[in-house]
Structure formats: structure tokens, C-alpha cells
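Engineer: Residue numbering for the sequence shown follows the UniProt record's numbering, beginning at 1 and increasing consecutively. A virtual CB, placed ideally from N, CA and C, is assigned to each residue, including glycine. Let me begin by handing over the structure; questions about it come next.
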Amino acid sequence: MTRVLVVEDEPQLVRALEINLRARKYVVDAAPDGETALALAAENPPDAVLLDLGLPDMDGLDVLKTLRRWSRAPVLVVSARSTSDEKVAALDAGADDYITKPFSMDELLARLRVATRRTGPGTRPDEGGGIVTTQGFTLDLYAKKARRGGRDVRLTPTEWHLVEVLVRNRGRLVSQRRLLEEVWGPGYRTQSNYLRVYMAQLRRKLEADPSHPRHLITAPGMGYRFEM
1 MTRVLVVEDE PQLVRALEIN LRARKYVVDA APDGETALAL AAENPPDAVL
51 LDLGLPDMDG LDVLKTLRRW SRAPVLVVSA RSTSDEKVAA LDAGADDYIT
101 KPFSMDELLA RLRVATRRTG PGTRPDEGGG IVTTQGFTLD LYAKKARRGG
151 RDVRLTPTEW HLVEVLVRNR GRLVSQRRLL EEVWGPGYRT QSNYLRVYMA
201 QLRRKLEADP SHPRHLITAP GMGYRFEM
């Protein structure tokens, strides 16, 4: 059965979503705030997330960004925020869809069906989403720990952000522009020298032979990809 995590602080809306989802044989977990949502997602990995942005303890975008460090489950933002900039920010942060309140329950359920059809089950941190093990090194994205040859390796916050984006898209080419925008921001989208410097640093720290990397691969003129 498909497990859906509802992250919403309006009790009446949560109740309506629970009734409609359970009537269609979904398993439903509900969280009234971001901290509870992340704890539930780690304990019982969802197959999809319905996420409000206006939470009492933290912004929903921060919840989304944290989930994206280790979960591939589709996230459908359900929010009263309706400007194009806010929608773009959510999609850039990793949301799969954006539904504006008030909404049609039939439309939400249809979008949820589409999202869960094209993705697999959610991933918990200790089942490969947060811990990445290669022949030469191990990355724990959830705890921000790296080890190589039995020793801890210190990565800077920027290096962690860069490697997280690549690991999240493992096996797929990530363009230079996308990496620059995600890690440094839109104002740096043409600064490819930043990528060269930081990728060289990551290879020195993680790869057995930095001049012939096996995991942090360059596609000249296009971007980078992470290979297991």
C-alpha cells in the first residue's frame, strides 16, 4: 500500500485529507510541524509527501530541502502561497508539483496518482538514501560524515552541498548551470571556475586516484555526474 505523509497544521484540512486518502487505500501519516514530519519520514519512509509551506516551527522549504538529502519520494507542495516566485523556489528545491489552496480534492488525488506512478518507494536514511558506500569511501549525508580508508574526511559545507546534489542524481548528468544555481545561487550560474575548484578538492579528498576519478565524473563542457 502507498504511504502518504501529510505535513499540515490545519486540523480540519488534515482530517479531510486523511478521510479521502484512506478511502482510496492509502496509508496516511500526519505531522503538524516540520520536526515531526522529518522524524516520521525517517521512521516510516513515505511513498509521497503532501507538504504545506507555512508550518509553525520551520518553513516548509527547509523541510523539503532536508527530505531531498535522502528521500526520492515525490513531494507535492500544498500551499496558500501563490506567487510565481514562491512556486519556482519550491520546484527548484525539489518539489515535484505545486497545488495552491484552496484546491479541488479530485485534482489533488489525480496529481498524487501521477506522482506515485512515476516513482518508486521512499528511501530511509539507512537504506541507501543517506548512506552512500563506494569501494573507496563512504558518505553519510544525514549525519554529514565522510570516511575514506577507515579515516574521517572533513568536507566543507559547500563541498557537502555539491556532493549531495550529485548523489541525489546519481548516474545522471547534472549540468554546470544547475549545480552553480543550487549550490551558490542564480548569480553564479556562469562561474564554472567555482565548479572546477571544488570538484578538484572533492576528488583529492575522496577519490583513490584524483587524476582518474571513478565516482565524480566530468562531462566536458556539460556538467558532472556521480557514479557508484
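Assign P46 to one of two classes, buried (16 or more other C-beta atoms within 10 Å of its C-beta) or exposed (fewer than that).
Structural biologist: For the purposes of this step, residue 46 is taken as residue 46 along the sequence shown, with counting starting at 1. Counting Cβ neighbours within 10 Å, P46 comes out buried, since at least 16 surround it.
Engineer: Tell me which same chain residues have a C-beta within less than 8 Å of the C-beta of T218, skipping the five on either side of it?
Structural biologist: On the sequence shown, position 218 is the one that residue 218 refers to. Excluding positions up to five away in sequence, the list reads M199 and Y224.
Engineer: What whole-angstrom Cβ distance do T36 and P74 have, given they're in contact under 8 Å?
Structural biologist: Here the question's residue 36 lines up with position 36 in the sequence shown. Here the question's residue 74 lines up with position 74 in the sequence shown. Not quite, the Cβ-Cβ distance comes to about 20 Å (not below 8 Å), so this is no contact.
Engineer: Could you give the residue range of the beta strand (DSSP E) that holds R225?
Structural biologist: Translated into the one-based positions of the sequence shown, residue 225 becomes position 225. First-last of the beta strand (DSSP E) with R225: G223 to F226.
Engineer: Hey, how far is the Cα of D85 from the Cα of R151?
Structural biologist: In the sequence shown, residue 85 corresponds to position 85, counting from 1. In the sequence shown, residue 151 corresponds to position 151, counting from 1. Those two C-alpha atoms are separated by around 43 Å.
Engineer: Classify F103 as buried or exposed, calling it buried when 16 or more other Cβ atoms lie within 10 Å of its own Cβ.
Structural biologist: The count along the sequence shown starts at 1 and reaches residue 103 at position 103. By the 10 Å Cβ count, F103 comes out exposed.
Engineer: Nearest CA to the CA of L76: which residue from R113, S192 and M58?
Structural biologist: Locating residue 76 in the sequence shown gives position 76, counting from the first residue. When only C-alpha atoms are compared, the closest one is R113.
Engineer: With distance defined between alpha-carbon atoms, name the residue in A41, M228 and G34 nearest to S71.
Structural biologist: Position 71 of the sequence shown holds residue 71. The option with the nearest alpha carbon to S71 is A41.
Engineer: Report the three-state DSSP secondary structure of L205 (helix, strand or coil).
Structural biologist: For the purposes of this step, residue 205 is identified with residue 205 of the sequence shown, where counting begins at 1. Per the sequence shown, residue 205 should be read as Lys rather than Leu. The answer is helix: DSSP assigns K205 an H, G or I state.
Engineer: Work out the CA separation of V167 and A93 for me, nearest whole Å.
Structural biologist: In the sequence shown, the residue the question calls residue 93 occupies position 93. In the sequence shown, the residue the question calls residue 167 occupies position 167. Taking the straight line from one Cα to the other gives about 15 Å.
Engineer: W160 to A146, Cα distance in whole Å?
Structural biologist: Walking along the sequence shown from the start, residue 160 turns up at place 160. Walking along the sequence shown from the start, residue 146 turns up at place 146. So the two alpha carbons sit approximately 9 Å from each other.
Engineer: Do you know how far the Cα of A143 is from the Cα of L13?
Structural biologist: By one-based count along the sequence shown, residue 13 stands at place 13. By one-based count along the sequence shown, residue 143 stands at place 143. Straight-line Cα distance between these residues: approximately 34 Å.
Engineer: Let me know the secondary structure DSSP gives A31 once reduced to three states.
Structural biologist: Indexing the sequence shown from 1 puts residue 31 at position 31. Strand at A31.
Engineer: Roughly how many whole angstroms lie between the Cα atoms of P220 and L173?
Structural biologist: As a working note, residue 220 is residue 220 in the sequence shown. As a working note, residue 173 is residue 173 in the sequence shown. Those two C-alpha atoms are separated by around 11 Å.
Engineer: Going residue by residue through the segment 30-103, where are the continuous alpha helix (DSSP H) segments of at least 4 residues, counting only ones entirely within it?
Structural biologist: Those alpha helix (DSSP H) runs which fall completely within the segment 30-103 and span 4+ residues are 34-43, 60-67 and 84-92.
Engineer: Closest by CA to T133, which one among P56, L206, A23 and V63?
Structural biologist: Numbered from 1 along the sequence shown, position 133 holds the residue referred to as residue 133. Selected option, being the one with the closest Cα: L206.
Engineer: Once the 5 residues before and after R177 are set aside, which same chain residues still bring their CB inside 7 Å of it?
Structural biologist: Translated into positions along the sequence shown, residue 177 becomes position 177. Answer for R177: R189, listed in chain order.
Engineer: Do A80 and G54 have their C-beta atoms closer together than 8 Å?
Structural biologist: Counting from 1 along the sequence shown, the entry for residue 80 is found at position 80. Counting from 1 along the sequence shown, the entry for residue 54 is found at position 54. Yes.
Engineer: Give the DSSP-derived three-state secondary structure of E127 in the structure shown.
Structural biologist: Numbered from its first residue, the sequence shown carries residue 127 at position 127. Bear in mind that the predicted position of E127 carries a pLDDT of just 42, short of 50, making it unreliable; the figure below should be weighed with that in mind. Residue state, collapsed to three classes: helix.
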